[in-house]
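Residue 867 is where the sequence shown starts when you use my numbering, and the numbers rise one by one after that.
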Amino acid sequence: MVKTVTGTDNLLLADVKLHLYVDITEDDTLIQSYIDASLSAAANYMHKDVLLTEYDASAKEIQDYRFIIDMALDKVTITDNSIEIILEQYEFTQYDGQLAFDYYYDALEAVKGVSGYDVIPANVNQARMLLIGSWYANREANITTATSAKLPVGVEFILDSEADGAI
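Below, the structure is given as structure tokens:
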């Protein structure tokens, strides 16, 4: 399977620094690493790519009409007898990290799935900034002060609205 990220992050270092009340440049590399890590954290929580991502699989990679993928797909295109068919959400199901087709195709040749956003929504970026703020403020946390199992206040509430519960 080939995974191609085509989206770009619209959460800018300057915006995050405003959120953090940081006006020095010495921490720019650290803050940028938090911005990058927040993409993965949000995607893992929502079971959905944040940046627009395409997944391509050949017929050899598709077994028993199942396509193994760990992120929720927004759109699926299959190639059957050299004809491209765009499936709506009700024509495929996802569970246990597998994409299953609700129809038998004669000569399944390829599957393309799309996940993520063209433009990351403001609410997802707000949750990311809350995470980054927590990471930045607690970057030297120790076992007596850290609550690593908990997300900062508001993050779950925001990301739950975007999460895909199908996976």
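Just so you know, even glycine gets a beta-carbon here, dropped at the ideal spot from N, CA and C. From a predicted model like this one, the values you see are computed outputs, not experimental measurements.
- Less than 7 Å divides the Cβ of residue 901 from the Cβ of residue 877.
- Under the three-pair Cβ rule at 8 Å, the region 893-912 counts as touching the region 986-995.
- Residue pairing from DSSP leaves residue 890 without any beta-bridge partner.
- Taking C-beta atoms as the reference points, residue 995 and residue 921 fail to come closer than 7 Å.
- When the five nearest sequence neighbours on each side are left out, the beta carbons in the same chain lying within less than 7 Å of the beta carbon of residue 894 are those of 879, in order along the chain.
- Under the DSSP assignment, residue 1000 falls in the alpha helix (DSSP H) whose first and last residues are 988-1003.
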